[in-house]
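Everything below concerns the one structure shown next.
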Amino acid sequence: MKKKIGLIINPIAGLGGKSGFKGTDNIEIKNQALKMGYSSESISKTRYVFENILSLFNKFEIITCPGEMGEEAIKNLDINYKLFEQTFKKNTTSKDTKKAVKELLKENIDLLIFAGGDGTAKDIYEIVKDEILCIGIPTGVKIQSAVYAKSPKLASEIISRFILNKTYSTELREVMDIDEEEYRNERIKSKLYGYLKILFDKKYVQNIKAGSISSKEDQKLIAHEIINLLDQNIIYIVGGGSTTKQIFNELKLEKTLIGVDLIQNKKILLKDVNEKQILEKIKNNKAKIIVTIIGNQGYIFGRGNQQISAKVIRKIGKENIYIVATKKKILNLKGEPLLVDSGDPELDKELSGYVKVITGQGERLVCKVGVEE
Numbered sequence: 004m005k006k007k008i009g010l011i012i013n014p015i016a017g018l019g020g021k022s023g024f025k026g027t028d029n030i031e032i033k034n035q036a037l038k039m040g041y042s043s044e045s046i047s048k049t050r051y052v053f054e055n056i057l058s059l060f061n062k063f064e065i066i067t068c069p070g071e072m073g074e075e076a077i078k079n080l081d082i083n084y085k086l087f088e089q090t091f092k093k094n095t096t097s098k099d100t101k102k103a104v105k106e107l108l109k110e111n112i113d114l115l116i117f118a119g120g121d122g123t124a125k126d127i128y129e130i131v132k133d134e135i136l137c138i139g140i141p142t143g144v145k146i147q148s149a150v151y152a153k154s155p156k157l158a159s160e161i162i163s164r165f166i167l168n169k170t171y172s173t174e175l176r177e178v179m180d181i182d183e184e185e186y187r188n189e190r191i192k193s194k195l196y197g198y199l200k201i202l203f204d205k206k207y208v209q210n211i212k213a214g215s216i217s218s219k220e221d222q223k224l225i226a227h228e229i230i231n232l233l234d235q236n237i238i239y240i241v242g243g244g245s246t247t248k249q250i251f252n253e254l255k256l257e258k259t260l261i262g263v264d265l266i267q268n269k270k271i272l273l274k275d276v277n278e279k280q281i282l283e284k285i286k287n288n289k290a291k292i293i294v295t296i297i298g299n300q301g302y303i304f305g306r307g308n309q310q311i312s313a314k315v316i317r318k319i320g321k322e323n324i325y326i327v328a329t330k331k332k333i334l335n336l337k338g339e340p341l342l343v344d345s346g347d348p349e350l351d352k353e354l355s356g357y358v359k360v361i362t363g364q365g366e367r368l369v370c371k372v373g374v375e376e
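Going by my numbering, the sequence shown opens with residue 4, and the numbers climb by one from there.
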């Protein structure tokens, strides 16, 4: 018997990532990002997920929304799908997401797949609670919630297991969101909204983001190590986080806590940059990247620092990336690998393997990056 799968896409999720706006819940922010020439990758990432499971096309049927909220991602694929009659305006909002979920609930679906970020997960939760099985395709900016696959590639893996009736479990997982205006003003206020019933396997599904209380002394030792490594005339692309902020503190510079800044010769070159600004600055200059690890999730790229995009990383090169983290933050991962979700699956593979993480002055820990398929 064919599986009935519901599909909902937030077509603007992730638009605030590369553009440096840190989210698109605000319609004005969305319009600014579009004017700057950025586009959401929600549809292309969803299409990628289904391209990976095309061989199973006769084992499932998709029920989805017309247009950008679903059909656009799958209409040119050899997949059985049907549309419900409800239509949606071009500039969709959370109200449209909730309306779509209500339509899908009438269809007795076996699984609801949704593409977006924390705001999308919150909208889904407000309607379904824990009534139906769900899984998220990560296409948003921050994604603190524990209801998303670790990457679109791993979303396709766990969905295929479900379609083939292979072993999987279900689990109630946290739906989190933050106030984006507060977030843009460097104040992080996370709120737990509830728990969605998720298609779960710890290999494929990300953890909830959690802050870690790191010793300022440990962070200072890391900062001193990085400062000793800084070369003249090299541009350093520095991601957000309290550990990277400590580097700036030691240099007597002001850091954008949750943004990306550029420094050169121990001075600020440009603050709170977007992808295009980074690419412009490094076009004719040597550059390196300094990033830290997201607490409890393990991401080094692809969560909250999409400004350091696949294009930027390819230009810089794997050998020019410094990863910094306190030993406590690494130990809190409990042996889980570091993660990359750059939006380019080939680059994610290239970045996988073993890396040295700077954990103090003259100290390195070897950590694994990536998830075995």
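Backbone N, C-alpha and C define an ideal beta-carbon position, used for all residues, glycine too.
For residue i versus residue j, is the C-beta distance shorter than 8 Å?
i: K153; j: V241; result: no
i: I271; j: Q310; result: no
i: T247; j: T170; result: no
i: F87; j: I66; result: yes
i: P340; j: K371; result: yes
i: I319; j: A290; result: yes
i: I138; j: L114; result: yes
i: L224; j: Q364; result: yes
i: I297; j: K212; result: yes
i: D351; j: V343; result: yes
i: I161; j: V52; result: no
i: T362; j: K330; result: yes
i: S2; j: Q222; result: Because the chain here runs from 4 to 376, residue 2 falls outside it and cannot be looked at.
i: S172; j: I56; result: no
Going by beta carbon distance, what residues of the same chain come within less than 6 Å of residue i, once the five residues before and after it are set aside?
i: I324; result: I292
i: I166; result: K6, L59, K62, F63
i: K274; result: T259, D264
i: S355; result: V372, G373
What is the DSSP secondary structure of residue i, counted as helix, strand or coil?
i: M4; result: coil
i: A103; result: helix
i: I135; result: coil
i: Y171; result: coil
i: T259; result: coil
i: S193; result: strand
i: I316; result: helix
i: V150; result: coil
i: R176; result: strand
i: L334; result: helix
i: V276; result: coil
i: I229; result: helix
i: I201; result: strand
i: K78; result: coil
i: A213; result: coil
i: A290; result: strand
i: K85; result: strand
Tell me, please, which residues DSSP counts as bridged to residue i.
i: P141; result: G119
i: R367; result: I361
i: G9; result: I66, L115
i: G356; result: V372
i: D295; result: As written in the sequence, residue 295 is Thr, which differs from the Asp given in the question. Per DSSP, V327.
i: L265; result: I240, L273
i: V387; result: The structure shown does not extend to residue 387, since the chain spans only 4 to 376, so no value can be given for it.
i: Y41; result: According to DSSP, which records beta bridges pairwise, Y41 is partnered with nothing at all.
i: I181; result: S193
How close, in whole Å, do the beta carbons of residue i and residue j come, if the pair is a contact with beta carbons under 8 Å?
i: E42; j: G119; result: Sequence check: residue 42 is Ser here, not Glu. About 15 Å; that fails the 8 Å criterion.
i: K253; j: A226; result: According to the sequence provided, residue 253 is Glu. The question's Lys does not apply to it. The pair is a contact, with the Cβ atoms about 4 Å apart (cut-off 8 Å).
i: G9; j: I77; result: Wrong, their Cβ atoms sit about 12 Å apart, outside the cutoff.
i: P14; j: T96; result: So it is not a contact: roughly 11 Å between Cβ atoms.
i: G307; j: G243; result: 6 Å
Please tell me whether, using a cut-off of 7 Å, the distance from the CB of residue i to the nearest non-hydrogen atom of the ligand GDP is below it.
i: K321; result: This structure does not include the ligand GDP; it has no bound ligands of any sort.
Among residues of its own chain, excluding the 5 on either side of residue i, which ones have a beta-carbon nearer than 8 Å to its beta-carbon?
i: L108; result: I130, V131, E134, I135
i: K377; result: Residue 377 falls outside the range modelled here, since the chain spans only 4 to 376, and no answer is possible.
i: D121; result: G143, K145, I146, Q147, S148, V178, M179, D180, I181
i: Y357; result: V369, C370, K371, V372
i: I333; result: I296, V360, T362, L368, C370
i: Y239; result: L233, L265, I266, Q267, A290, K291, I292, I293
By Cβ distance, which residues of its chain are closer than 7 Å to residue i, with the 5 residues on each side in sequence left out?
i: K21; result: Y41, N277, E278, Q309, Q310, S312
i: V104; result: I11, I127, I130, V131
i: I74; result: First, the amino acid is wrong: residue 74 is Glu here, not Ile. Around E74: T67, C68, L86.
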